[in-house]
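So the number in my numbering is just where the residue sits in the sequence shown, counting from 1, plus 12. Below: the structure, in C-alpha cells.
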Amino acid sequence: MKLLVTGGAGYVGSVVTAQLLEAGHEVIVLDDLSTGHADAVPAGARLVHGTLRERAAEVLADGGEGSFDAVLHFAAKSLVGESVQKPWLYWDGNLGESLALLDAMRETGTSRIVFSSTAATYGEPEETPIVETAPTRPTNPYGMSKLAIDTALAEYARLFGFGAVSLRYFNVAGARLVEGGEAQGERHAVETHLIPNVLKVARGEKESVSVFGEDYPTPDGTCLRDYIHVVDLGVAHLLALDACAPSTHQIFNLGSGSGYSVREVIDMCREVTGHPIPAEVGPRRPGDPAVLVASSEKIRTGLGWKPERDLRAMVTDAWTFVQGR
Ligand code: UDP
C-alpha cells in the first residue's frame, strides 16, 4: 500500500513507519519536526517537512486522486501538563490540524485512516478495566482534543464513507531494536514519562526519581498503569489498517489488560540496569487517576491482537536504546 504517516519523526510514528516498511509498504512521512527528529525517520521512508495544514493536501494529491491507500495519523501534541497551561495549542494543534488532514483526505479520495487516540479520552474511570463503551469525560485539554478528533472521525465515516479506526493507547514504552540496523525509541526533549525518567537516573543524568504519591488506594499505594510495548502497539496498527471498513468508525483500547504500579516499574528498572535507582516520594501529580487499565477484550477478538512483550522487555529495550545514544 501507499501510506501517509503523519508524525513519523516521533516516537510511536517512527516505530510504526519502520514496521510498515518492513511489511513492504511505501511510506511518506509528514512531520513539522516540532517535537520529532528528522533522523528518527527510518531510511526508506520519504520525509516531507511541514504541518498538516501546510502540506497534507499537496502530499495527498501527489500522484492523482486516490493515489494514497490510507493515512496513519500520529502527529500531535501530547503533554498533558502543557495542555492545561496552553489549551489553545491543543485545540488548534490537535483538532485544527487533524480537521485539515481529514478535509485533505476527503478532497483527494483517501478515506482510510488509523488514528492515535488515548486513554485520556476516558478521564477518571468509574470501573476498571476500562471498556470502549465507558463514559468519555476527559479531565484535560489533551484528552478533550483527542476525543474531539474521534468524534470528527465518526462523523466523516457517516457522512463521507471514511473507514476509520481509533486506537486508544494506554502507557506506551520500550523501543524497536534491530540487530545491526536502525533503532527507534523515545527521544523527547521534555520527558514526563515514568520509564525514561527512571532510566535517566540509571544513566547518571538525574540523582533520583520522584514517585508521585504513595497514598493511592492500590496494593502498594502508587498508581497502577497498563504498559504496552511500542512494538506490540505497532503490530496493532498494521492489523487496524486491514480492518478499516468503509463508512465505519471503530474504537479499540490498546493496552494489555493488566497493570503495574510505579514501584513495580522502578524495581524492574533496578533489576534490568543493576543500578540502585534512588526514589523519593513526592506529592501526587494533579489529575492522575489511581488506576488506568484497559479492557483488551475488544481488540483481542476484533483484530486478533495480543501483547507479546512484557514489562521486562519494555524496560530492557528502552535501556538498550538509551545506552546506544
Ligand atoms: N510517575 C512518577 N514519577 C515520574 C513520572 C511518572 O511517579 O517521574 C507516575 C505517574 O504519576 C503515573 C505513572 O508514573 O502514575 C505513569 O506516568 P506517565 O507520565 O509515564 O504516564 P501517564 O499514565 O501519565 O500517561
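All C-beta atoms, glycine included, are put in the ideal place defined by N, C-alpha and C.
Helix or strand or just coil, what does DSSP make of histidine 249? helix
Any heavy atom of the ligand UDP closer than 6 Å to the beta-carbon of leucine 323? no
Run the CB neighbour count on aspartate 238, radius 10 Å, all protein chains shown included, and call it buried at 16 or more, exposed below. buried
Using the C-alpha atoms, what's the distance from alanine 73 back to glutamate 119? 9 Å
For proline 301 and arginine 67, the rounded distance between their alpha carbons: 38 Å
Using only alpha-carbon positions, find the residue among His49, Thr145, Ser128 that is nearest to phenylalanine 86. Ser128
Cβ-based burial, glutamine 335 [other Cβ within 10 Å; buried from 16]: exposed
List the DSSP bridge partners of arginine 188. Gln196
I need the boundaries of the beta strand (DSSP E) containing phenylalanine 80, first residue and last residue. Element bounds for phenylalanine 80: n/a, residue is neither H nor E.
Residues of its chain near valine 27, where Cβ-Cβ distance is below 6 Å and the 5 sequence neighbours each way are ignored: Arg188, Gln196, Val242, Gly246
What's the call for valine 83, buried or exposed, on a 16-neighbour Cβ count within 10 Å? buried
Through-space distance from threonine 260 to alanine 169, alpha-carbon basis: 5 Å
Between which two residues does the beta strand (DSSP E) containing phenylalanine 224 stretch? 221-224
Rounded to the nearest angstrom, what separates serine 123 and glutamine 262 at their Cα positions? 14 Å
What are the start and end residues of the beta strand (DSSP E) that includes glutamate 38? 38-43
By the 10 Å Cβ neighbour count, where 16 or more other Cβ atoms means buried, how is arginine 61 classified, buried or exposed? A small fix is needed here, since residue 61 is histidine in this sequence, not arginine. Exposed: under 16 other Cβ atoms inside 10 Å.
Relative to the ligand UDP, is the shortest distance from any of its heavy atoms to the C-beta of cysteine 235 smaller than 6 Å? yes
Taking leucine 352 as the reference, give the member of Glu138, Pro229, Lys158, Thr332 with the closest Cα. With the chain running from 13 to 337 in the structure shown, residue 352 is simply not present.
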